[in-house]
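Numbering (numbering that gives the first Met the number 0), first residue to last: 0 to 416. Note that the Cβ used here is the ideal one computed from N, Cα and C, for glycine as well. See below for the structure under consideration.
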Amino acid sequence: MADFKRVALWEIAKTQSGWTPSRANSKLWWWNIIRLKSWELNDNTNITEYSETITQAWIENSSAKLFPKWTLLIAMYGATAGKLGILWVDASTNQAICSIQNIKWLFDSKYLFYVLLHKRDQIVKDSFWWAQPNISKTYLDNFQIPLPPLEEQKKIVAYLDELNATISKLKSEYQSQLAMLDEMRNSSLDLVFWGSRERAYNLNNWKWVKLGEVCEIIWWGTPKTDVLEYRNNGTIRRATPTDLGKVWEIISISTTEKYITELGLKSSSAKILPKGAVLFSSRASIGKIAISETELSTNQWFANFVCGENIQNTFLAYVLLYFTENIVVLSNSTTFKEVSKWSLKEFEIPLPDLETQSQIVSYLDQVHQQITMLKTQVNSQIEHCDELWQSSLEKVLTQGVEEDLKSDFSFLSSCKS
């Protein structure tokens, strides 16, 4: 089937931005008119909840508008740019949201929802202004929309609704599996360390020590960012939390995105960590852990441990992983949470003899490797679901609903099994 003809959005719909009343006039804030914020949009086709309300008087005496039920909404700028929603209630919005209404020649607003959802990455990419996306109303008005006959639109919406529901249910099951695997990981740590304080009194080979007694703690140091000679063409690896990813697990690190020069090292308090050092993010995103496989430095977001002769680095990494929540409690309440070097030096950990440490590391390594492998498999299935959803959007929005698309549901059935 040939691609559908395309029309500009302005030809089939009216776009209009929301407005925000002054918070100086508390009388304008009440409970009978809904007001939505852009971050409340989460690709939801039935928006019924809201965080704030304003009065009817504000609607009647300002630039604010009351958008009717079934209005399609899109966030226009910032981190939420491109998020979509459909109102199931009459509502006002703030200025970061654009409404799309009075739609002509469409089966319903859900068809346009799916079109914009499919093209969101392109819309956001085309709309970057300085450091963040900023979708202009002119750009949106001129965005090209595929326009099949109404009967075909009806089929497309029905098909995508069913596929979306099936995929969402399947992904929810996968997320439950990931949560279960995380619980298994935590249980393995509990098995080793739970009740370890009692072991200190019952077993001769366990004792409690302060981190500062068994490790050298090397704090961060960062060369000035405005001196190019400290960074350009640098050869010294410099780790940041980005290198450790988003998952709170123990990783090995041998490469970094950023480097500094020898001059940058000498002109700052930055230090070179030896191979085998344990990196622990101690500021903001507290608890990311890595073991260095090579010499490197870190930025100001890390506390780094060089183990003494009585503690193995991998054992220390597992201890830090288990006690991360306890360490977070020690952080101060500044803009960014940060654990001080003194707090870490004084933090007590359970410490068995080296032979027992080796046995614990061997056990936890095996368990965590199995869990990592299973999580990789589950995440792969989630990626397959996302790929299927994107490919299905592409197919039906350009070619319509065809018989061979039934294979999508066959694939999902095989995923469940």
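Check: Thinking C-beta only, is Leu65 closer than 7 Å to Ile96?; Outcome: no
Check: Where does Lys13 land, buried or exposed, given buried means 16+ other C-beta within 10 angstroms?; Outcome: exposed
Check: According to DSSP, is Asn378 helix, strand or coil?; Outcome: helix
Check: Does Trp190 pass the burial test, meaning 16 or more other C-beta atoms within 10 Å, or should it be called exposed?; Outcome: Residue identity check: residue 190 is Leu in the sequence provided, not Trp. So Leu190 counts as exposed.
Check: Span of the beta strand (DSSP E) holding Trp207?; Outcome: Trp205 to Lys209
Check: In chain order, what are the residue ranges of uninterrupted alpha helix (DSSP H) at least 4 long that sit wholly in the stretch 53 to 119?; Outcome: 55 to 59 and 108 to 117
Check: So, helix, strand or coil for Pro145, using DSSP?; Outcome: strand
Check: Got a sec, what are the start and stop residues for the alpha helix (DSSP H) Lys274 sits in?; Outcome: Run containing Lys274: none; DSSP gives neither H nor E here.
Check: So, using beta-carbon positions, are Trp207 and Glu354 closer together than 7 Å?; Outcome: no
Check: If I measure Cβ to Cβ from Ser266 and keep anything under 8 Å in the same chain, skipping five residues before and after, which residues do I get?; Outcome: Pro222, Lys223, Val226 and Tyr229
Check: Would Ala63 and Trp69 qualify as a contact pair, given that the criterion is a beta-carbon distance under 7 Å?; Outcome: no
Check: Alpha carbons only, please: which of Gly275, Ser186 and Thr241 is nearest the one belonging to Glu215?; Outcome: Gly275
Check: How many Å lie between Leu420 and Tyr173 at the Cα?; Outcome: Because residue 420 is not part of the residues shown, which for the chain are 0 to 416, the question remains open.
Check: Please classify Glu337 as buried or exposed, where buried requires at least 16 other C-beta atoms within 10 Å of its C-beta.; Outcome: buried
Check: Got a sec? Which residues, its chain only, sit under 6 Å from Ala289 by beta carbon, not counting five neighbours each side?; Outcome: Leu243, Ile250, Ile252 and Leu278
Check: Counting C-beta neighbours from all protein chains within 10 Å, is the total for Gly399 16 or more, i.e. buried, or is it exposed?; Outcome: buried
Check: Taking the CB atoms as reference points, tell me whether Leu418 and Lys374 lie closer together than 7 Å.; Outcome: In this structure the chain extends from 0 to 416, so residue 418 is not present and cannot be described.
Check: Considering Cα atoms alone, identify which of Asn101, Leu40 and Asn60 is closest to Pro67.; Outcome: Asn101
Check: Does the distance from the CB of Arg184 to the CB of Ile370 come in under 7 Å?; Outcome: yes
Check: Would you give the residue range spanned by the alpha helix (DSSP H) that Ile134 belongs to?; Outcome: Premise fails: Ile134 is in no alpha helix (DSSP H) and is neither H nor E.
Check: When burial is assigned at 16 or more other CB atoms within 10 Å of the CB, is Glu182 buried or exposed?; Outcome: exposed
Check: On a Cα-Cα basis, can you pick out the residue from Asn298, Ser339, Phe335 and Ser357 that is closest to Ala316?; Outcome: Ser357
Check: Return the CA-CA distance between Lys344 and Thr241, expressed in angstroms with no decimal places.; Outcome: 25 Å
Check: What is the DSSP secondary structure of Pro240, reduced to helix, strand or coil?; Outcome: helix
Check: When the distance is taken between beta carbons, is Ala90 closer than 7 Å to Leu35?; Outcome: yes
Check: On the DSSP bridge assignment, give the partners of Asn185 in chain order.; Outcome: The partner list for Asn185 (beta bridge, DSSP) is empty, contrary to what the question assumes.
Check: Span of the beta strand (DSSP E) holding Trp218?; Outcome: Cys214 to Trp218
Check: Could you check the C-alpha separation between Leu8 and Ser284 for me, to the nearest Å?; Outcome: 42 Å
Check: Can you name the residues that DSSP bridges to Ala7?; Outcome: Gln143
Check: When you compare only the Cα positions, how much space is there between Thr255 and Leu83?; Outcome: 36 Å
Check: Going by DSSP in three states, Tyr49 sits in which element: helix, strand or coil?; Outcome: coil
Check: Output the distance between the C-alpha atoms of Val292 and Arg236, rounded to the nearest integer angstrom.; Outcome: The residue asked about is misnamed: residue 292 is Glu in this sequence, not Val. Each residue's Cα considered, the two are about 12 Å apart.
Check: Thinking C-alpha only, which one of Thr297, Val114, Val123 and Ile166 is nearest Leu396?; Outcome: Val114
Check: Quick check on Leu329: does DSSP put it in helix, strand or coil?; Outcome: coil
Check: Going by the CB atoms, is the gap between Val377 and Asn309 shorter than 7 Å?; Outcome: no
Check: Considering only the alpha carbon of each residue, which of Glu51, Asn93, Asn45 and Ser330 lies closest to Ser16?; Outcome: Asn93
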